[in-house]
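A.B. asks:
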Amino acid sequence: MNNFSLHSLSTALHHKTVSAVELAQIFLARIEQFSRLNAFITVDSKFTLAQAQAADQLLQQTDSGPLTGIPLAHKDIFCSKGLLTSCGSKILSNFIAPYNATVVERLNNAGMVTLGKTNMDEFAMGSSNESSWYGPVHNPWNENCVPGGSSGGSAAAVAARLAPIATGTDTGGSIRQPAAFCGLTGIKPSYGRVSRYGMIAFASSLDQGGVLAQSARDAAMLLQTMSGHDPKDSTSVDRPVPDFMAQLEHSLAGKRIGLPKEFFGEGIDSDVAKTIEQAVAVLKSLGAIPVEISLTNSPLSIPCYYVIAPAEASSNLSRFDGVRYGHRAAQYHDLIEMYERSRSEGFGEEVKRRIMIGSYVLSSGYYDAYYIKAQKLRRLIADDFQQAFKACDVIVGPTTPSTAFQLNAKAGDPVAMYLNDIFTCSANLAGLPGISLPAGFDQKGMPIGLQLIGRYFDESSLLNMAHRYQQQTNWHQYFPKGYQF
Ligand code: GLN
Numbered sequence: 006m007n008n009f010s011l012h013s014l015s016t017a018l019h020h021k022t023v024s025a026v027e028l029a030q031i032f033l034a035r036i037e038q039f040s041r042l043n044a045f046i047t048v049d050s051k052f053t054l055a056q057a058q059a060a061d062q063l064l065q066q067t068d069s070g071p072l073t074g075i076p077l078a079h080k081d082i083f084c085s086k087g088l089l090t091s092c093g094s095k096i097l098s099n100f101i102a103p104y105n106a107t108v109v110e111r112l113n114n115a116g117m118v119t120l121g122k123t124n125m126d127e128f129a130m131g132s133s134n135e136s137s138w139y140g141p142v143h144n145p146w147n148e149n150c151v152p153g154g155s156s157g158g159s160a161a162a163v164a165a166r167l168a169p170i171a172t173g174t175d176t177g178g179s180i181r182q183p184a185a186f187c188g189l190t191g192i193k194p195s196y197g198r199v200s201r202y203g204m205i206a207f208a209s210s211l212d213q214g215g216v217l218a219q220s221a222r223d224a225a226m227l228l229q230t231m232s233g234h235d236p237k238d239s240t241s242v243d244r245p246v247p248d249f250m251a252q253l254e255h256s257l258a259g260k261r262i263g264l265p266k267e268f269f270g271e272g273i274d275s276d277v278a279k280t281i282e283q284a285v286a287v288l289k290s291l292g293a294i295p296v297e298i299s300l301t302n303s304p305l306s307i308p309c310y311y312v313i314a315p316a317e318a319s320s321n322l323s324r325f326d327g328v329r330y331g332h333r334a335a336q337y338h339d340l341i342e343m344y345e346r347s348r349s350e351g352f353g354e355e356v357k358r359r360i361m362i363g364s365y366v367l368s369s370g371y372y373d374a375y376y377i378k379a380q381k382l383r384r385l386i387a388d389d390f391q392q393a394f395k396a397c398d399v400i401v402g403p404t405t406p407s408t409a410f411q412l413n414a415k416a417g418d419p420v421a422m423y424l425n426d427i428f429t430c431s432a433n434l435a436g437l438p439g440i441s442l443p444a445g446f447d448q449k450g451m452p453i454g455l456q457l458i459g460r461y462f463d464e465s466s467l468l469n470m471a472h473r474y475q476q477q478t479n480w481h482q483y484f485p486k487g488y489q490f
């Protein structure tokens, strides 16, 4: 049962070949067996089994749904009532969420069973999961390598089959990049598709919740339930959610795929470049028509992102002051010192760096030169996409310039780390949906990700194209050695 799909798990549960409790026990045992990956921050088997028992009761009745009894893991950025919600930070290492994020609530209501909360870069800042206060996560394809970040725990968990599926969030690439590094299908929906209520904010205008899955079909199934307007999030968009599953099988004949010349230039690992070319050939064989396009300003997406994201982060993180929740320094003389100490002790190095950059670019005198400039650039980047989508339906390219790197290889070099997001963060700046899917392996046996970017609110085309590709190839069915059931 190495490549069980959500559909097969659902069938097994409804046919009573397995109970929700048994299924939860199988995965809880694996989480323990492979604890060396450090994929989870919190596992509470009592909590999990209680949810599984409730799911079994629903399965006895007729009102169970397709997801009832299916276990999943949540990135530790989503508030889960009664469970530690740390966001990978010491400052929240004592925070038991008093309410559920809308994403968690919707999946709970669908009868899903939470296996635990996954490890992540602190406050989702990072591309390797090394900034977590709970230590790095290991990539199951090569345990000396990083799983990507910031949703590294979710990616490692699904890749190692410690969970059939997991939630993640993506501010600049944090679903797609770890999906690429771990051989998974990861989708970041359009900004506004999935509620951010109860999802701890990093950069509010960029953050979006999504899915890390074994296939596009599984991703479609989970996204269907996660999506939709939420009155509790003023940035969630009141727009009908299409039936993603119903569109998976559509033909790709005549679909125009745009190949941005900026995504195929220098700096891309040759194995990655070759693999993406082969993937384009597969899409062509399915009837898609390649067209060359240009995203002229996309090379500037990294500097643009690294002004806007820290600016928003510096503001969002001001709420962590040791007063209302989270870590408070043990010793201080007055209020100001309490703030200073709590924050110096509670935040890690990368988070402090971002707060400093963000405060700098927002300070009077620099605001126009940096922040306003970056906002103008953001508009130009979005305009490039609008222009490109006149010539094509879906944009195709690599997810990352290279495959998973060794632990510690970039930890001391923030700029090298930031360059991981070169192909992903422009979609966040423009609010567009993006998906990464496995398209092959490099010579070292590490997975390579193919990225598809779609029009605003057109997740359906991405899931459809990814699914058709996965019917034609079996890259998504490989799983790391040593992790069989
Ligand atoms: N790696 C990027 C960063 O460090 C993106 C993170 C994310 O998408 N959450 O900001």
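Converting from the sequence shown to this note's numbering requires adding 5 to each position, the first position being numbered 1. Note that beta-carbon positions come from the ideal geometry of N, C-alpha and C, so glycine has one too.
#1: Between which two residues does the alpha helix (DSSP H) carrying Phe52 extend?
#2: Of all the CB atoms in chain B, is at least one closer than 9 Å to the CB of Met470?
#3: Taking a contact to mean a Cβ-Cβ separation below 9 Å, would you say Thr176 touches Asn433 in this structure?
#4: Please confirm whether any heavy atom of the ligand GLN lies closer than 8 Å to the CB of Ala393.
#5: Under three-state DSSP, which class holds Lys449?
#6: Within the present structure, is the beta-carbon of Ser155 separated from the nearest heavy atom of the ligand GLN by less than 8 Å?
#7: Which residue or residues does DSSP assign as beta-bridge partners of Leu457?
#8: Among Ile101, Val26, Leu33, which has the Cα closest to the Cα of Ala78?
#9: Where does the unbroken alpha helix (DSSP H) through His472 begin, and where does it stop?
#10: In this structure, how does DSSP classify Ala334 when only helix, strand and coil are distinguished?
#11: How about Gly157 and Val151: do their beta carbons lie closer than 9 Å?
#12: Report whether the distance from the Cβ of Phe207 to the nearest heavy atom of the ligand GLN is below 8 Å.
#13: Please tell me whether, using a cut-off of 8 Å, the distance from the CB of Ser179 to the nearest non-hydrogen atom of the ligand GLN is below it.
#14: State whether the segment 332 to 346 contacts the segment 286 to 302, with contact taken as three or more CB pairs (one from each stretch) at a distance under 8 Å.
#15: Does the segment 187 to 194 come close enough to the segment 459 to 469 to have 3 or more Cβ pairs within less than 8 Å?
#16: Could you please give the first and the last residue of the uninterrupted alpha helix (DSSP H) stretch that includes Ile281?
#17: Which two residues bound the contiguous alpha helix (DSSP H) that contains His19?
#18: Taking the CB atoms as reference points, tell me whether Gly178 and Ser159 lie closer together than 9 Å.
#19: I want to check one thing, is the minimum distance from the CB of Gln456 to the heavy atoms of the ligand GLN below 8 Å?
#20: Evaluate Thr280 with the Cβ neighbour count: other Cβ atoms within 10 Å of its Cβ, from every protein chain shown; 16 or more gives buried, anything less gives exposed.
C.D. replies: The answer reads as follows:
#1: As a first step, residue 52 is located in the sequence shown; it is residue number 47 there, counting from the start. It spans 50 to 65 - the alpha helix (DSSP H) in which Phe52 sits, taken as one unbroken run.
#2: Among the chains of the structure shown, chain B does not appear; only one protein chain is present.
#3: Taking the sequence shown and counting its residues from 1, the one referred to as residue 176 is at position 171. Taking the sequence shown and counting its residues from 1, the one referred to as residue 433 is at position 428. In this structure, Thr176 places its C-beta atom within 9 Å of the C-beta atom of Asn433.
#4: Translated into positions along the sequence shown, residue 393 becomes position 388. No - the ligand GLN has no heavy atom lying nearer than 8 Å to the Cβ of Ala393.
#5: Sequence index remark: in the sequence shown, residue 449 carries index 444 (1-based). Shown here, Lys449 sits in coil according to DSSP, grouped into three states, outside any helix or strand.
#6: Along the sequence shown, one-based indexing puts residue 155 at 150. Ser155: yes, Cβ under 8 Å from the ligand GLN.
#7: Reading the sequence shown from its first residue, position 452 is the one you call residue 457. In the DSSP assignment, the residues bridged to Leu457 are Val401, Ile440.
#8: Within the sequence shown, numbered from 1, the residue matching residue 78 stands at position 73. The option with the nearest alpha carbon to Ala78 is Leu33.
#9: As a position in the sequence shown, residue 472 is number 467, starting the count at 1. Its alpha helix (DSSP H) spans residues 464 to 477.
#10: Walking along the sequence shown from the start, residue 334 turns up at place 329. Secondary structure of Ala334 (DSSP, three-state): coil.
#11: Translated into the one-based positions of the sequence shown, residue 157 becomes position 152. Translated into the one-based positions of the sequence shown, residue 151 becomes position 146. Going by C-beta atoms, Gly157 is nearer than 9 Å to Val151.
#12: Residue numbering aside, residue 207 sits at position 202 when the sequence shown is read from its first letter. Distance from the C-beta of Phe207 to the nearest heavy atom of the ligand GLN is below 8 Å.
#13: Within the sequence shown, numbered from 1, the residue matching residue 179 stands at position 174. Using a cutoff of 8 Å, the CB of Ser179 counts as near the ligand GLN, since one of the ligand's heavy atoms is closer than that.
#14: As far as the Cβ criterion goes, the segment 332 to 346 does not touch the segment 286 to 302, which means the pair count is below three.
#15: Judged by pairs of C-beta atoms under 8 Å, the segment 187 to 194 touches the segment 459 to 469, as three or more such pairs exist.
#16: Your numbering for residue 281 matches position 276 in the sequence shown. Unbroken alpha helix (DSSP H) run through Ile281: 275 to 290.
#17: Start at 1 with the first residue of the sequence shown, and residue 19 comes out as number 14. From DSSP, the alpha helix (DSSP H) with His19 extends over 11 to 19.
#18: What you label residue 178 is simply residue 173 of the sequence shown in a count that begins at 1. What you label residue 159 is simply residue 154 of the sequence shown in a count that begins at 1. Not closer than 9 Å, so no.
#19: One-based indexing of the sequence shown puts residue 456 at position 451. In this structure, the ligand GLN has no non-hydrogen atom nearer than 8 Å to the beta-carbon of Gln456.
#20: As a first step, residue 280 is located in the sequence shown; it is residue number 275 there, counting from the start. Flag for Thr280 reads buried.
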